[in-house]
Amino acid sequence: MKNQSGTTWRFIANPVAGGGKVSEQWPQIERALKMAGIAFDVVFTQEKRHAIALAKEAVQQGCRHLAAVGGDGTAHEVVNGIFQQTTCPPEEVTFTLLPIGTGNDWVKEHRIPKDFGRWLHFFQHGKTTFQDVGWLTFYKNGQLEKRWFINVAGLSYDAFVAKKAEAQGAKMANKFFYLLLIFRCLFQFTIPKIRVTFDGQTVEDFLYTINVGICRYSGGGLRLVPQAITNDGKLALTLVKKVTKLEVLLITPLFYTSQIGLHPAVSLHQAEDILVEGKNVLVEADGEFLGEAPVQFGILKRALKILAP
Numbered sequence: 012m013k014n015q016s017g018t019t020w021r022f023i024a025n026p027v028a029g030g031g032k033v034s035e036q037w038p039q040i041e042r043a044l045k046m047a048g049i050a051f052d053v054v055f056t057q058e059k060r061h062a063i064a065l066a067k068e069a070v071q072q073g074c075r076h077l078a079a080v081g082g083d084g085t086a087h088e089v090v091n092g093i094f095q096q097t098t099c100p101p102e103e104v105t106f107t108l109l110p111i112g113t114g115n116d117w118v119k120e121h122r123i124p125k126d127f128g129r130w131l132h133f134f135q136h137g138k139t140t141f142q143d144v145g146w147l148t149f150y151k152n153g154q155l156e157k158r159w160f161i162n163v164a165g166l167s168y169d170a171f172v173a174k175k176a177e178a179q180g181a182k183m184a185n186k187f188f189y190l191l192l193i194f195r196c197l198f199q200f201t202i203p204k205i206r207v208t209f210d211g212q213t214v215e216d217f218l219y220t221i222n223v224g225i226c227r228y229s230g231g232g233l234r235l236v237p238q239a240i241t242n243d244g245k246l247a248l249t250l251v252k253k254v255t256k257l258e259v260l261l262i263t264p265l266f267y268t269s270q271i272g273l274h275p276a277v278s279l280h281q282a283e284d285i286l287v288e289g290k291n292v293l294v295e296a297d298g299e300f301l302g303e304a305p306v307q308f309g310i311l312k313r314a315l316k317i318l319a320p
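Its first residue numbered 12, the sequence shown is counted upward by one per residue in my numbering.
Below is the structure:
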């Protein structure tokens, strides 16, 4: 059955997202969707990266409207499935997110509601628009791999924390554990020397963290790339040079207020191509730990069709 617009949505749900909230809440969500007359079906992920395969399969089966159910990690995987498939151009697929994850930063940028009642109203009355999509190549176990991202990627300290969080698993659904992990990582992390080349410029220094963004929010509301614009065809690039542990604690409030660029150790840039090189330099994207440098970044302008308010 299809709704009046002729649209059928495929929901790709991560049952363990948000510490198991998706699994707990889905029966009520499903009833509400049916009562609203929305035509849909649903598939559930069974393991990490399964949403990539499910998204590819959905498009191959003719579905052109995909809704991820979970957090930023689930959204990341579904979008990668959209861009890995070869059945149709990625921009023919409409994407949105029902945010029930630990990290829900992407929806902040597009003002997609977190409350389900308000989300359902948005889902019925939202409009389609386009945003840029970033891509990156990196190395994992010595092999070159490629991913796409829709929010923010991070290297150095950012990725170090992401790798530790991945090892902690379900505990990271608790924000207290995540904040504790960030604090503990300060005393375990060694700042590496990194070379960053972007649009003809080169910076070579000891860099505490590097962020490359399409959207502004990451890490639970941090604004590490406040200069990001979702559809300008540019990657927002933030470089933070070597700072002491005390300085990190003192400048943390700036991360939440778009004032990060005021600190002398921080520089804000925009670029279309970025190359990051260095030893023991890790990388994550949309909160998902990926691998290590060298990392090449690029951007696809207005390449993802999304449903937004």
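Where a beta carbon is used, it is the ideal one built from N, C-alpha and C, also for glycine.
Sequence-distant partners of D297 (beyond 5 residues in either direction) whose C-beta falls short of 6 Å from its own C-beta, in its chain, are D83, H87, F160 and N162. C-alpha of A78 to C-alpha of H61: approximately 15 Å in a straight line. Linking L286 to G165 through their CA atoms gives a straight-line distance of about 13 Å. Burial is judged here by how many other beta carbons sit within 10 angstroms of a residue's own beta carbon; R129 has fewer than 16 and is exposed. Check the Cα spacing between Q57 and each of E41, Q39 and G31: the tightest is with G31.
Secondary structure note for G145: its beta strand (DSSP E) is the uninterrupted segment K138 to K151. For G137, the closest alpha carbon among the candidates P124, E103, T148 and G145 is that of P124. Beta-bridge partners of L233 (DSSP): S229. Considering only T19, V251, I240 and G230, the residue with the shortest C-alpha distance to F217 is V251.
The C-alpha of V306 is placed about 28 Å away from the C-alpha of L191.
Across the structure, N152 and V294 are spaced so that their CA atoms are roughly 13 Å apart. In the structure shown, the three-state DSSP call for N222 is strand. Within its own chain, the residues whose Cβ lies closer than 7 Å to the Cβ of W117, once the five positions on either side in sequence are excluded, are D83, A86, L108, I161, N162 and C226, listed in chain order. Spatial neighbours of G289 in its own chain (CB-CB distance under 7 Å, excluding positions within 5 residues in sequence) are listed in chain order as P203, K204, I205, R206 and A304. In the three-state reduction of the DSSP assignment, G302 falls in the strand class.
Under DSSP, T56 forms no beta bridge with any residue. Contact between the segment 261–281 and the segment 238–251 is present, with at least three C-beta pairs closer than 8 Å. As the crow flies, the alpha-carbon of Q95 is around 37 Å from that of T263. Separation of T148 and K157 (C-alpha to C-alpha, rounded to the nearest whole angstrom) is 4 Å.
Excluding five sequence positions before and after T268, the CB atoms of its chain that fall closer than 8 Å to its own CB belong to R234, given in chain order.
Separation of the CB atoms of H76 and R42 is rounded to 20 Å, and the pair is thereby denied contact status at 8 Å. The continuous alpha helix (DSSP H) containing G29 extends over residues A28 to M46. For K253, the secondary structure class from DSSP, reduced to helix, strand or coil, is coil.
The Cβ atoms of F127 and I193 do not sit closer than 8 Å to each other. Listed in chain order, the non-local C-beta contacts of N291 below 6 Å within the same chain comprise P203, local neighbours out to five positions each way being set aside. DSSP places G211 outside any alpha helix (DSSP H), giving it a letter other than H or E.
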